[in-house]
Every structure is written in structure tokens, then in C-alpha cells.
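Colleague:
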Amino acid sequence: MSLGYIVRRLLGAIPLLFGISLILFTIVHLAPGGPLDVYVDNPSVSKEALDQIAKAYGLDQPVPVQYVLWLKSMLVGDWGYSIRTGRPVLSEIVLRLGPTMELGGLALLLSLLIAIPLGIISASRRGSKLDGTLTLVSFAGISTPVFWLALLLQLLFSVHLGWLPSAGYKSIGDGSFPDRLAHIVMPAAVLSLATIASWSRFIRSGMVDVLNQDYIRTAYAKGRGERGVVFFHALRNALIPAVTVIAVDFGTVISGAVITETVFAWPGIGRLFMESMDGRDYPMLMGLMMMGSVGIIVANIVADLTYAALDPRIRYG
Amino acid sequence: MTLKLTRRATLKGMLAGTAAFATIGLLPAWAQQKGGTLTVGLTYEIDTMNVYSTGFLGDAQAAVVEGLLAPDKDAKYVPVLATEVPTIENGGIVVSEDGKTMKITYKLRPGVTWHDGKPFTSADVKYTWEAVKDEKFIAESKDGSAEVASIDTPDELTAVVNYNTILPTFASTLFTFGIFPKHLLEGTDLNTSSYNETPVGTGPFKVTEFQRGQYVVTERYDGYWKKAENGDALPYLDKLIFKMIPDTNTLITQLKSGEVNLVVQTPYSQAKQVEGIDDIELIKGPLLSWQHLDFNFKRPSLADIAVRKAIAAGIDRNVLIKAQGGFPEAIKSPVVPVFEFYDPNTPEVAYDPAAAAKLLDDAGYVVGADGIRAKGDEKLSYTFMVQAGRADDELAQQVIIAQLKAIGIEATADNKTGVAYREARYNGGYDLIYGRWITSADPVYSVFWGTGGANNGQSYSNPTLDAAFQKFENTLDPAVRKDAAIEFQKILAEELPTISLTTNVALIAKTKKLKNFVPNPTNMTNFVDTAAWYME
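Those sequence lines, one after another, are chains D and F. The first sequence begins at 533 in this note's numbering and counts up one residue at a time. The second sequence begins at 327 in this note's numbering and counts up one residue at a time.
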């Protein structure tokens, strides 16, 4: 694993990003509607006023010209202005990034801390009642719609028990650690549920494969106890396929955040995306999606590097 | 009407009670209480607190920023920062001798201060016009700024607005939206100013915290100018909080858990759920928007009054209402019943499919082999446009298509969105169009059906109607306006360039503890009179 490899991978991502940006720009403009649709019922917003607003945001230009203009300013680090709020896209995104990192980070941590042990237990007790139960629960978790689970949790913990706030980032005038913890528990639990369920399945099947290998039998033969075999010999090898899934799932976490953040009124990137989509806020949508693309590319590079760390036989150079 | 009476009666009862107790030195706890926090749930994210550039109706803004006038619960203008609504009778409006321009004098309320304690003066009024008019300022509400030629400020409490035309709708434009504080904004860039998040106004509440995507906290402004009738300092509430909760299920959950106490835009689909919540009551408020079916007069058969009348008789509004959850209300005039200009005697075409069929038979439209009527080459087969993606409109469209089919008229959905929809609507790229308009409290109708009106994509032209609109929109005398309104409503109902179908209601879910809340139908929102609200 060398620095040269990382640099090469990052350079390779540049043409990829150009391609992605072109596709995204096209798709965003293909979607029906436009940023000025909010004024459609209001007769006092005249055609002239609409034309003037369109001109101010360059919406009067043909789409290919708009793309070139957008690309030009993006290349010099100007992300443009949000049509909805009139504020710079970059500062809006930076403002929303913090809450999303907190939520996504906690969800990721929860997922790993729960999924790995679950997968190991399932695999090492394969065929047992416990394994069967965990399998059932996992599939239930994968199949549960996020918004429905969120609603149930809100009804239980906020309306009936009154233990947790049903939505929001912090209480007004508070924002202490316990207050923020109370706000983040439900969205993080909801966001991590699907990933816990699917990751534990991957870790389980990875473990099952590995536990049937010859070198595991050898390890038992040389007198190692079960715990040692499972954690020292098997887990590292079983994690390699799981890492791929986790990296690929980075995108799922982002898209899951769109729903979770909207349901829980979490002021993050996902919610900003939803609002921008509703208002067809083109500059904001492009900024958000480009950032997401960069995130996914980076996650993939990190995954490749993690392979090498987990398996000494894998070398990049 | 009943609402008004009971409210007044209740208030009187309360005042009497207060007085009685006060004489023996015991103020009852149930009188208008000072204090308390009201948390409002908004379904949208506040984009900017600037009333001139927000893409939404200014809910939170109305509690903070005041204009010279404001529409009340009956959509009538009342003075706010002005001491009276200018009229010809009180000398506030003076029309030039040639009758082409007018001069409006606003007497400003003395003793009004901005939230930073500085006095509000006529210089602020003049600056507001200059700032809104400025081309560099991006805003969609520049209404009424181009019609002003100049503003004189002879003294601190007098603003004389010289118009370059006659603008009877002056009250629904510029100065009603809000006044900018000159001393804080002059020389700044309004597009990027911090005013857009923490505006300084003269209203009962001042913004103390704006958290993008989360909430806006407003607190009682102790220096507020208005006093209650009984002399109480206003506002009563300590805090008014606006929380932005985009998901309507979550919003209802917050009502249930008590985290939110007022929702002014309860979706029709959630009404049932809200009715089951203790301590929350659901009240209906009228809205100034209405749904209509319009015709393109370029189609020869649609220019035929018999066909339009048949279509009007073929549509059952009750089905349309049921399809939309039972909440909209049937109307017969585009002037919705809230307005004093509404004429209840406007003629009406009743639902009667048999009469519709007879009308078409008599006019020579014969049912063909495919069940569709035709007269010569002109087949009664139309393209029918609504804005694509609007579930309610698409549903109504399907209902109308089915009802027209029953009288032998074929309509085919041809829905568009965005620029395509707008272009088609302005240029008449449809045969039938179903849509919705929202007016201000001071509506203008010539833009819809006047010859060459900005929103008249129907190619409809009727000189008699134009004359009635002209009289209504260019006269300042209320009696003349009332007559003109009756006349144009009658013409519209008889000539049917448009069929007015339904008007909407706002479903407001509020805590029963909140008193003095009166729904406001106008685009100035329910938050125009927050000073008088109090919590029991």
C-alpha cells in the first residue's frame, strides 16, 4: 500500500466525476417541473417577474449552456447560489454536514458494534435455534420500511412513554450532551437497523465459509480453543467480503438519511436534499450530489486499502 | 358570522368578569394571561425571513415584521403602522385633475419603535420602496413598486406616495408586506444581508434565534406599540416558536406529544388523526384560492356558449369535493365568498346532465357511433391540461373527464409541468384547463379574463366584461366597485369563460388553551394578529 497508489486512484476519479456530473445534471433537468413552479398559482407574479428571476439564476439559458457555466464556476471552487434561499450552496452544505456526520457516524458505529457480534454468534452456532431466531430478526429488519419503523418508535417513546423528543436536533435553548443524545437515539437506531440486518448476514456467511476451510481445522488440530480460532483465525478473513458490502452501503446510508432526516426533522444533508428536490433547486442539488459522489468514491478507495490491511496477501503498488 | 358574534360575546363576558374581580383586587387566572410559549409546526423550511423574497407565505415573518396596513379576518384592510387606511373620504387618496395619477398620504403611527429601540419614521417607508425597486435585489414580490413615481416625507410621521397611475389595489402591494429599517439596511446588500435570518421589525415578536432547517425562536418585544382594549400591554405570549417539520406524520406526532401546539396547514388526509387528540381542536378557516375549469376560445365549439353551458351543467361539484376528502366547498363565482364584493345572487348553472344533453342536442351536436358528439367537422373531443404531478388536480381531472363523457364529450389528459405548463397556460396550449388561483385580499380579475390579460391564455375577449373590470379596478369609490363587481360576476356566470368549481379551507389544528386565535384567509397568513393571542 503506497502513497503512489492512493494518488493514482484519486486522479482516476477525476474523469469519473466529470462523467457523473454530466449524467446528474441531465437527470436533474429531465425531472418535470422547475424552481419557479412555486409561483404557478399566484397570478400577481407576472410572466415578466418570472422571466427576471429566471434570468438572475441563468435559468433562461439552454441546459447545455447552463451545464458549462456550472462546470466552469465549480472548477474554480464556486458552488453557486441556492435558488431557494439565495445563500451560497457551499455554506448551506457545510452547515448541514455536521448533523449528518453525527447521525451517520453514530449509525455506522452502532451497525458495526451490533452486526459483527451478531454475525459471529450466528455463524458459530449455525443451525441452532439462536441462529434461526437471528436470521428471522435480520430479515424482518431488512424488510421494515424506515418511515414506518420511525413512526412506531415516535408513537411509543414520545407519545405514550414521553421519554424521548419525537423529532429535531436539539431542544430550543438547550443543546447539552444529554439533550442531544435524547434527540439522536431514535434516528440513529432507525438508520442503522437495515444495515445491522444486512451486514450481520454478510458477516455470518463469510464466517460460515471460513469456518469450513482447512486452516481452521488445522488451528483446532494444533489445540487452539474455539474462541481463539473464531476471533484470531476466522474473523479477519471473514471480514473481507463484509468490507466490500460496507463500502458499497455508504451510498445506502446516504439515501437512508434522506428519509430518516426528513421524518425526524434532522437538519442534515439528507433533509436539505429533500427540500432542494421539492423546490427543484438545481445548484443545491448538484452540489449535494457531487459531494455524495465524492464520498462514495472515497469510501471505495478506503475499502480497497482496508483489504490490504486485513489480508497481507493483497498488495497495491 | 356566528364566529364573530360568539367571539365578541366571549370577550365582553371576560372583560366584565375582569373588571368585577379587579374591583375587589382579585384578577382571575382565566383572563387574558400574560406569558406562555406557543410552538407552531410548519411543514416547509423557512427559506428567508425577508417578506419580499420568501417563496412561501410569510407565517413567522408576519409576527415580526409589520407593514402600514394588513388584511383582517374578513380580508378587509386595517391600519397597522399607519393610523388609518387612506381613502378618498378621509383625504388619504387624492386623484389628480386629469384622473390619471394619484397621491396617497399615510399618517404614520407615533411612538412605534424598531426592535433595537430606534424610532420608526417616514424615512423607513421611503427606503422600503427604494430597496424593493432596486434591480439588484432579487425578489418576486415587487408588486406596486413600479407604479410609484416618488415619495415625499414632509415630516417624520407623514409619507406621501406619488403614483404614476391609478392603483386601487395599492393596499395589497408594497407597504403592506412590510417595512424595512433604513438605519440598519441602507448601503447593505439585501440579497446576502443577515436581515434575511434575523430581521429587525416593529412587530410584537422579535427574532432571537434562527436555526436553519430547525426552528425560529421569537420572543416578546417589550416595546411593542399596541395595547389591548383593556389597556393590557401586548403581546401576551412570551415566546412564539416556529419549528420546521417537513414530514406531516411527524408533525401530527408532535401535536400528540405536545411538542407542537399549532399547525395551520393540516393536510386533509391527516384531519381524522388530529380529531382524536386530546387538548387539540381542529378549526376550519376560509382561503382565498379556488379551483376552476377554463376554455380555450380558439376551438370553435368551445366558443359556443351552448357547449360551455352544457359542460357547466355536466359537472357535479359534490363528486369533485368528495374526491378531495370532502373539504373544499362549492362556489359559483371566482370572487370567493369571504370577500365583501362577492355577490350571492350570481346566477348558477345547476348540475343536470339531462339538461346538458338537451342543450347539446338543440345546438346540433349529434352523438356519433363512438358516443362522442360532433357537428360537422367539429368533434367535441378536447385536450385537457392540469399541472402534472399534482395529485389533487389529476384526481379532479379524472372526475371531470368521466362526467363529460356521460354527456358525450371526450376529454383527454394532456398534462405538463414546469416551463412547459406555464408556457401552455399563457399561450393557450390546451382546449380545457383545470387549475387554481390565489389572490391577495385586494383581487384583480382582469388579468384572468380581460382582453389581453396577463393570465388570459384562453383568447377570451368580451368588451362588456372589460368595461366592468375597468370600472372595478380603476375606481376608488367602494359603491361603484361593488356595482361593478356584481356586474362582472353576472357576466362571468352567464358567459362562462370559466367555471368556478370549488374553494379551499385551511384546517387549523390548535391547542384548546390558545385563545383569541382568528383564522385569516389572506396571503398575510394567520400570524398577522399574534399580539392578541394568549394561553389559558
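From the three backbone atoms N, C-alpha and C, an ideal C-beta is built for every residue, glycine too. These figures come from a predicted structure and were not determined experimentally.
Tell me, please, whether the segment 604-618 of chain F touches the segment 649-665 of chain F by the rule of three or more beta-carbon pairs shorter than 8 Å.
Modeller: Verdict: yes, contact present.
Colleague: If you measure between the beta carbons of tyrosine 760 of chain F and alanine 732 of chain F, is that distance less than 7 Å?
Modeller: Counting from one through the second sequence, the residue named residue 760 of chain F turns up at place 434. Counting from one through the second sequence, the residue named residue 732 of chain F turns up at place 406. No, Cβ-Cβ distance for tyrosine 760 of chain F and alanine 732 of chain F is not below 7 Å.
Colleague: From what residue to what residue does the beta strand (DSSP E) around leucine 614 of chain F run?
Modeller: By 1-based counting over the second sequence, the position of residue 614 of chain F is 288. Segment 606-621, the beta strand (DSSP E) holding leucine 614 of chain F.
Colleague: Measure the Cβ-Cβ separation of phenylalanine 623 of chain F and glutamine 784 of chain F and say whether it is below 7 Å.
Modeller: Residue mapping note: residue 623 of chain F aligns to position 297 of the second sequence, counting from 1. Residue mapping note: residue 784 of chain F aligns to position 458 of the second sequence, counting from 1. Yes, these two residues count as a Cβ contact at 7 Å.
Colleague: Looking only at DSSP bridge pairs, what is aspartate 478 of chain F linked to?
Modeller: Residue mapping note: residue 478 of chain F aligns to position 152 of the second sequence, counting from 1. Its beta-bridge partners are F/Val486.
Colleague: In chain order, what residues of the same chain lie with their CB nearer than 8 Å to the CB of leucine 642 of chain D, ignoring the 5 residues before and after it?
Modeller: On the first sequence, position 110 is the one that residue 642 of chain D refers to. For leucine 642 of chain D, where only same-chain residues beyond five positions count, the Cβ hits under 8 Å are Ala720, Ala721, Ser724 and Ile728.
Colleague: If the cut is a Cβ gap below 7 Å, which residues of chain F does proline 697 of chain D touch?
Modeller: As a first step, residue 697 of chain D is located in the first sequence; it is residue number 165 there, counting from the start. The answer, in chain order, is Glu585.
Colleague: Does any CB atom of chain D fall closer than 7 Å to the CB of lysine 635 of chain F?
Modeller: For the purposes of this step, residue 635 of chain F is taken as residue 309 along the second sequence, with counting starting at 1. For lysine 635 of chain F, the answer is no, since every Cβ of chain D falls outside 7 Å of its Cβ.
Colleague: Which one of D/Ala841, D/Leu804 and D/Ala682 has the shortest CA to CA distance from leucine 622 of chain D?
Modeller: Within the first sequence, residue 622 of chain D is the residue found at index 90, counting from 1. Considering only alpha carbons, the answer is D/Leu804.
Colleague: For methionine 718 of chain D, which of helix, strand or coil comes out of DSSP?
Modeller: Numbered from 1 along the first sequence, position 186 holds the residue referred to as residue 718 of chain D. If DSSP states are grouped into helix, strand and coil, methionine 718 of chain D belongs with the helices.
Colleague: Check each residue of the segment 783-799 of chain D: if its Cβ is closer than 8 Å to any Cβ of chain F, include it; give the result in chain order.
Modeller: Answer set for the segment 783-799 of chain D: Thr794, Val795, Phe796, Ala797 and Pro799.
Colleague: To which residues of the same chain is asparagine 671 of chain F closer than 8 Å at the C-beta, ignoring the five residues directly before and after it?
Modeller: Numbered from 1 along the second sequence, position 345 holds the residue referred to as residue 671 of chain F. Around asparagine 671 of chain F: Ile812.
Colleague: Within its chain, find whatever has a CB closer than 7 Å to the CB of histidine 441 of chain F; leave out the 5 residues flanking it on each side and keep chain order.
Modeller: Sequence index remark: in the second sequence, residue 441 of chain F carries index 115 (1-based). Only Val526, Gly527, Lys532 and Tyr547 meet the Cβ criterion.
Colleague: Which stretch, first to last residue, makes up the alpha helix (DSSP H) that contains tryptophan 680 of chain D?
Modeller: What you label residue 680 of chain D is simply residue 148 of the first sequence in a count that begins at 1. Taken as a continuous stretch (DSSP letters only), the alpha helix (DSSP H) holding tryptophan 680 of chain D covers 678-686.
Colleague: Between which residues of its own chain and phenylalanine 782 of chain D is the CB-CB distance below 6 Å, once the five residues before and five after are set aside?
Modeller: Residue mapping note: residue 782 of chain D aligns to position 250 of the first sequence, counting from 1. Once the five neighbours on either side are set aside, the close Cβ partners of phenylalanine 782 of chain D are Ile828 and Ala831.
Colleague: Of all the CB atoms in chain D, is at least one closer than 7 Å to the CB of glycine 529 of chain F?
Modeller: Here residue 529 of chain F is taken as the residue at index 203 of the second sequence, counted from 1. Chain D contact via Cβ: absent.
Colleague: Please report the straight-line C-alpha distance between serine 808 of chain D and arginine 616 of chain D, rounded to a whole angstrom.
Modeller: In the first sequence, residue 808 of chain D corresponds to position 276, counting from 1. In the first sequence, residue 616 of chain D corresponds to position 84, counting from 1. Between serine 808 of chain D and arginine 616 of chain D, the C-alpha separation is close to 8 Å.
Colleague: When the cut-off is 7 Å and only beta carbons count, does valine 773 of chain F lie next to chain D?
Modeller: Translated into positions along the second sequence, residue 773 of chain F becomes position 447. By this cut-off, valine 773 of chain F is an interface position.
Colleague: On the DSSP bridge assignment, give the partners of methionine 428 of chain F in chain order.
Modeller: Within the second sequence, residue 428 of chain F is the residue found at index 102, counting from 1. DSSP output for methionine 428 of chain F lists F/Val421 as bridge partner(s).
Colleague: Quick check: what's the CA-CA separation for valine 826 of chain D versus aspartate 515 of chain F?
Modeller: For the purposes of this step, residue 826 of chain D is taken as residue 294 along the first sequence, with counting starting at 1. For the purposes of this step, residue 515 of chain F is taken as residue 189 along the second sequence, with counting starting at 1. Looking at the two C-alpha atoms, the distance is approximately 34 Å.
Colleague: Along the segment 687-716 of chain F, where does the CB come closer than 8 Å to a CB of chain D? Name the residues.
Modeller: Correct list: Gln713, Ala714 and Gly715.
Colleague: Under the assumption that tyrosine 378 of chain F contacts serine 498 of chain F (Cβ atoms under 8 Å), give the Cβ distance between them as a whole number of angstroms.
Modeller: Looking up residue 378 of chain F in the second sequence gives position 52. Looking up residue 498 of chain F in the second sequence gives position 172. No, tyrosine 378 of chain F and serine 498 of chain F are not in contact; Cβ-Cβ is about 14 Å, not under 8 Å.
Colleague: Using a Cβ cut-off of 7 Å (strictly closer), state whether leucine 368 of chain F contacts chain D.
Modeller: By one-based count along the second sequence, residue 368 of chain F stands at place 42. No, leucine 368 of chain F does not count as interfacial toward chain D.
Colleague: Using the beta-carbon count (16 or more within 10 Å), is tryptophan 695 of chain D buried or exposed?
Modeller: For this step, residue 695 of chain D is matched to residue 163 along the first sequence. Tryptophan 695 of chain D is exposed by the Cβ-count criterion.
Colleague: Touching or not, the segment 733-742 of chain D and the segment 679-695 of chain D, by the rule of three or more beta carbon pairs under 8 Å?
Modeller: No, they do not touch.
Colleague: Would you decide whether arginine 759 of chain D is buried or exposed? Buried here means 16 or more other CB atoms lie within 10 Å of its CB.
Modeller: Position 227 of the first sequence holds residue 759 of chain D. With fewer than 16 other Cβ atoms within 10 Å, it is exposed.
Colleague: State yes or no: is the beta carbon of tryptophan 616 of chain F nearer than 7 Å to at least one beta carbon in chain D?
Modeller: For the purposes of this step, residue 616 of chain F is identified with residue 290 of the second sequence, where counting begins at 1. No, tryptophan 616 of chain F does not count as interfacial toward chain D.
Colleague: How about arginine 616 of chain D: is its C-beta nearer than 7 Å to some C-beta of chain F?
Modeller: Mapped onto the first sequence, residue 616 of chain D falls at position 84. Output row for arginine 616 of chain D: interface = yes.
Colleague: Pick helix, strand or coil for proline 710 of chain D, following the three-state DSSP scheme.
Modeller: Here residue 710 of chain D is taken as the residue at index 178 of the first sequence, counted from 1. Proline 710 of chain D: helix per DSSP, three-state reduction.
Colleague: At 7 Å on the CB atoms, spell out the chain D contacts of alanine 541 of chain F, in chain order.
Modeller: Counted from its first residue, the second sequence places residue 541 of chain F at position 215. For the record, residue 541 of chain F in the displayed sequence is tyrosine; it is not alanine. Result: Ile704.
Colleague: Among F/Asn575, F/Arg751 and F/Val590, which residue has its Cα nearest to the Cα of alanine 714 of chain F?
Modeller: If you number the second sequence from 1, residue 714 of chain F lands on position 388. Closest by alpha carbon: F/Arg751.
Colleague: What is the C-beta distance between serine 471 of chain F and lysine 459 of chain F, in whole angstroms, given that I count them as a contact (C-beta under 8 Å)?
Modeller: In the second sequence, counting from the first residue as 1, residue 471 of chain F sits at position 145. In the second sequence, counting from the first residue as 1, residue 459 of chain F sits at position 133. Indeed they touch by this definition, with Cβ atoms about 4 Å apart.
Colleague: In its own chain, which residues sit with a C-beta less than 6 Å from the C-beta of isoleucine 538 of chain D, not counting the 5 before and 5 after it?
Modeller: As a working mapping, residue 538 of chain D is identified with position 6 in the first sequence. Around isoleucine 538 of chain D: no qualifying Cβ.
Colleague: Are any of the Cβ atoms in chain D nearer than 7 Å to that of proline 889 of chain F?
Modeller: Nothing in the structure corresponds to residue 889 of chain F, since chain F is present only between 327 and 862.
Colleague: Compile a chain-ordered list of the residues in the segment 751-763 of chain F whose CB is closer than 7 Å to at least one CB of chain D.
Modeller: Answer set for the segment 751-763 of chain F: Tyr752, Arg762 and Trp763.
Colleague: To the nearest angstrom, how far is it from the Cα of arginine 541 of chain D to the Cα of leucine 603 of chain D?
Modeller: Here the question's residue 541 of chain D lines up with position 9 in the first sequence. Here the question's residue 603 of chain D lines up with position 71 in the first sequence. The alpha-carbon atoms of arginine 541 of chain D and leucine 603 of chain D are separated by roughly 22 Å.
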